[in-house]
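Mapped onto the UniProt record's numbering, the consecutive letters of the sequence shown carry residue numbers 1 to 680.
By construction, the Cβ of each residue, glycine as well, lies at the ideal position given by its N, Cα and C atoms.
Treat the numbers as computed from the prediction; the structure is a model and nothing was measured.
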Amino acid sequence: MLAFVFIAMYAIGLDLHRITLGALIIALGLLVDDAIIAIEMMVVKMEQGWDRVKAASFAWTSTAFPMLTGTLVTAAGFLPIGFANSSVGEYAGGIFWVVAIALVASWFVAVIFTPYLGMKLLPDFAAKMAKKHGHGIHDDPNAIYHTPLYERFRALVRFCVRWRGLTIIATVLIFAGSIVGFGRVQQQFFPLSERPELFFQMRLPEGTAIGVTEATAKEAERLLAGDDDVATYTTYIGQGSPRFWLGLNPQLPNEAFAEIVIVAKGVEERERIKARIEKALSGGALSEARVRVDRFNFGPPVGFPVQFRIVGPDPDAVRRLAYEVRDVMRANPNVVDPHLDWNEKTPSISLSVDQERARALGLNVSDIAQSLQTLISGAPVTVVRDGTERVQVLARAVAEERLDLARLPDLTITTRGGIAVPLAQVARIDYGHEEPILWRRNRDMAITARADIVDGMQAPDVTNQIWPALKDIRDKLEPGYRLEIGGAIEESQKGNASIFALFPIMVIVMLTILMIQLQSFSRLILVFLTAPLGIVGASLALNVFDRPFGFVALLGLIALAGMIMRNTVILVDQIETDVAGGLARREAIVEATVRRARPVILTALAAILAMIPLSRSAFWGPMAITIKGGLFVATFLTLLFLPALYALWFRKHLAERGGAEEEEAAEEVQGTLPLPIAAE
Numbered sequence: 001m002l003a004f005v006f007i008a009m010y011a012i013g014l015d016l017h018r019i020t021l022g023a024l025i026i027a028l029g030l031l032v033d034d035a036i037i038a039i040e041m042m043v044v045k046m047e048q049g050w051d052r053v054k055a056a057s058f059a060w061t062s063t064a065f066p067m068l069t070g071t072l073v074t075a076a077g078f079l080p081i082g083f084a085n086s087s088v089g090e091y092a093g094g095i096f097w098v099v100a101i102a103l104v105a106s107w108f109v110a111v112i113f114t115p116y117l118g119m120k121l122l123p124d125f126a127a128k129m130a131k132k133h134g135h136g137i138h139d140d141p142n143a144i145y146h147t148p149l150y151e152r153f154r155a156l157v158r159f160c161v162r163w164r165g166l167t168i169i170a171t172v173l174i175f176a177g178s179i180v181g182f183g184r185v186q187q188q189f190f191p192l193s194e195r196p197e198l199f200f201q202m203r204l205p206e207g208t209a210i211g212v213t214e215a216t217a218k219e220a221e222r223l224l225a226g227d228d229d230v231a232t233y234t235t236y237i238g239q240g241s242p243r244f245w246l247g248l249n250p251q252l253p254n255e256a257f258a259e260i261v262i263v264a265k266g267v268e269e270r271e272r273i274k275a276r277i278e279k280a281l282s283g284g285a286l287s288e289a290r291v292r293v294d295r296f297n298f299g300p301p302v303g304f305p306v307q308f309r310i311v312g313p314d315p316d317a318v319r320r321l322a323y324e325v326r327d328v329m330r331a332n333p334n335v336v337d338p339h340l341d342w343n344e345k346t347p348s349i350s351l352s353v354d355q356e357r358a359r360a361l362g363l364n365v366s367d368i369a370q371s372l373q374t375l376i377s378g379a380p381v382t383v384v385r386d387g388t389e390r391v392q393v394l395a396r397a398v399a400e401e402r403l404d405l406a407r408l409p410d411l412t413i414t415t416r417g418g419i420a421v422p423l424a425q426v427a428r429i430d431y432g433h434e435e436p437i438l439w440r441r442n443r444d445m446a447i448t449a450r451a452d453i454v455d456g457m458q459a460p461d462v463t464n465q466i467w468p469a470l471k472d473i474r475d476k477l478e479p480g481y482r483l484e485i486g487g488a489i490e491e492s493q494k495g496n497a498s499i500f501a502l503f504p505i506m507v508i509v510m511l512t513i514l515m516i517q518l519q520s521f522s523r524l525i526l527v528f529l530t531a532p533l534g535i536v537g538a539s540l541a542l543n544v545f546d547r548p549f550g551f552v553a554l555l556g557l558i559a560l561a562g563m564i565m566r567n568t569v570i571l572v573d574q575i576e577t578d579v580a581g582g583l584a585r586r587e588a589i590v591e592a593t594v595r596r597a598r599p600v601i602l603t604a605l606a607a608i609l610a611m612i613p614l615s616r617s618a619f620w621g622p623m624a625i626t627i628k629g630g631l632f633v634a635t636f637l638t639l640l641f642l643p644a645l646y647a648l649w650f651r652k653h654l655a656e657r658g659g660a661e662e663e664e665a666a667e668e669v670q671g672t673l674p675l676p677i678a679a680e
């Protein structure tokens, strides 16, 4: 089966990486479900005295298509991430394809290969009974469901069916409590990576010479020299590192920027290096630069986790508003180094050419600009060969003249007639400050106040703490100006929007599949009403294990709905089969729930156990906790809530079999919760 999955992955161009490997682990817990259901049905029939071939045939005819429905519904639960038109869809879209391929393959194996294995490997129960009783048919085919454990479970189901209103109200209250509990769960976009690298970034004032930047980088390297926790490091001056990691946010070339990529010997060593660097910085090291020491993050690039963007037409006005936003951010103890992405204004020099004087001397603006370019930056005059290399030679003024601002007015401009004219005679020199860089967003001026967060906090939580404090600034914004949330929350909203946009398609696909199998709107609604039950266990598990709810956990919650409905389809199909076989609907509800409890619980446990290896993963952990908790609680709620809901929905038809009302009423009187109830 896995071989088929790998072949299909190769055919559609999916590589084996973190996402697809995690999807395979998720699929391992789901792809055995169909096999469990088929084998369980064979075992039941063989325990009742059927021969192997007949039991295998019955397993195929009775479970194949309900299993296919459940398989397709489970796969459809992952559909939104597979087609999400966003960066998170690009990042995690492989989950859907791998899980869908694995589940479909598992169904084919379960209905074709598994019955064959059952015929070859399962013990011959009929032969054992023939030896014991003299014939292969069990005296009571339903005896296996009359053990003390089954009888107590039957009594519990009868209680829920009888007191269906109370059962449904209790379930709704539990569900409401879980929604309240979700409010206590920390929010997250994507978690920190477990890679051992650190980013050590230094940003000096705009206009800083690259030589000064290099000297700062060398000073930073001295902080790392001799550190036993450092495996290696690479320094980039004037630019950032290449994008060797999907979540890496590339830096634009800038002579005032340097970056050191530190590779630690492990995750614990990474944290110690980070702590030592931060301690050195707090002691005054690299005070001339804005320094950031950051880890890798899973998911698409975000940049700084907390960001607030001020958009408007006037750069001075948006900068003034950005300063106010930055001051509010500074008041929050959970943010680190709030600053503006425009940085501070830098000194500037501007020339205003006196056109009349310049024309009188035979000069124009182009001549003056070209002369200054030659004097200050240099102009190519020739090329010198050095072996096989061609070296360009530049001519420019000596350093004393071109680097001394006080001597700038004395720079000489040569006219076309060969006359040397001081720059001050043809131009006025103005000294001031200007923006080093202007960022635009959708063609509007946009300045971003951004910050890191203290360890242990989540970016959405910190952003939501700051946002109410910005109300006064938002209220006084003039027309044409707006304040927006950026950072992790914005990217999370984009990702969630791309997922929710596909919800209608997912629901339509699920409805279509379920309608083909159930052929009833009533039963379809019953199946759908069990889907949200996963929230109960997910909320409880995330709170108990103190895990944040992020994008990956959201995928787990969506997929959980498909897993729950898969079990519900099997249960509803069994109820309808029993009704068609002559049982009164009330008894069919109880007996079908009892008979299908074992395969439903086994398939749920298989999926839960498959999540254990992922639980400690920084990336997959929240999803694994969500699925484990949600599926565990939802499985037991489904076995109690669905019979009650089914009985309430068909309350006018519970006693459709003629003459059964009195028997069922008597059975209900006997059906007290603590005692086992004899089967009718």
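For residue i, the three-state DSSP class (helix, strand or coil)
i: D354; result: coil
i: P205; result: coil
i: A379; result: strand
i: G629; result: helix
i: L24; result: helix
i: V536; result: helix
i: D367; result: helix
i: A317; result: helix
i: M457; result: coil
i: R396; result: coil
i: T412; result: strand
i: L483; result: strand
i: M119; result: helix
i: D472; result: helix
i: F296; result: coil
i: P250; result: coil
i: D228; result: coil
Assumed close pair residue i, residue j - CB separation to whole angstroms, cut-off 8 Å
i: A459; j: P305; result: 3 Å
i: E491; j: V302; result: 5 Å
i: P115; j: M42; result: 7 Å
i: R396; j: I376; result: 7 Å
Own chain partners of residue i with C-beta closer than 7 Å, once the 5 adjacent residues on each side are dropped
i: A592; result: L571, Q574, I575, D578
i: T232; result: V263
i: A644; result: C160, V161, R164, T167, I168
i: R482; result: V311
i: L2; result: none
i: A427; result: L351, S352, V353, D354, I368
i: R330; result: P338
Among the options, the one whose alpha carbon lies nearest that of residue i
i: A604; options: R595, A618, P250, I627; result: I627
i: L642; options: V157, F108, Q465, I413; result: V157
i: I101; options: N332, S86, L31; result: L31
i: L321; options: M329, A110, R330, I310; result: I310
i: L514; options: L502, A531, E206; result: A531
i: R547; options: V509, R330, G22, P191; result: P191
i: Y323; options: V381, L340, V336, A331; result: L340
i: E197; options: V267, Q392, P380; result: V267
i: S193; options: A607, F619, G207; result: F619
i: L609; options: R596, L631, P622; result: L631
i: R443; options: G362, V462, P315, L363; result: P315
i: A258; options: A285, I273, K218; result: K218
i: A27; options: A624, P333, I485; result: A624
i: V185; options: L614, G581, N543, R585; result: N543
Other residues of its chain near residue i: CB distance less than 6 Å, five sequence neighbours each side excluded
i: V600; result: N567
i: G658; result: Confidence is the limiting factor: at G658 the pLDDT is only 35, short of 50, which leaves the residue's position unreliable and the question unanswerable from this model.
i: L117; result: none
i: R52; result: M119
i: E269; result: D229
Proximal residues to residue i (C-beta, below 8 Å), its chain only, five neighbours per side dropped
i: A209; result: E255
i: I37; result: T63, M67, A110, I570, P599, T603
i: R441; result: R309, V311
8 Å Cβ cutoff, residue i in contact with chain C
i: I81; result: Of the protein chains in this structure there is only one, and it is not chain C.
Are three or more beta carbon pairs between the segment 562-571 and the segment 66-80 nearer than 8 Å? The segment 562-571, when compared against the segment 66-80, does touch it at the 8 Å Cβ threshold.
Is the segment 416-434 in contact with the segment 350-366, if contact means three or more CB pairs nearer than 8 Å? Note that the segment 416-434 touches the segment 350-366; at least 3 beta-carbon pairs, one per stretch, sit closer than 8 Å.
Under 8 Å: do the segment 199-206 and the segment 280-290 share three or more Cβ pairs, one atom per stretch? Verdict: yes, contact present.
Should the segment 465-476 be called in touch with the segment 527-544, which here means at least 3 C-beta pairs below 8 Å? Between the segment 465-476 and the segment 527-544, the count of Cβ pairs shorter than 8 Å is below three; the stretches do not touch.
Between the segment 209-221 and the segment 233-246, do three or more beta carbon pairs fall short of 8 Å? Enough Cβ pairs lie closer than 8 Å, so yes.
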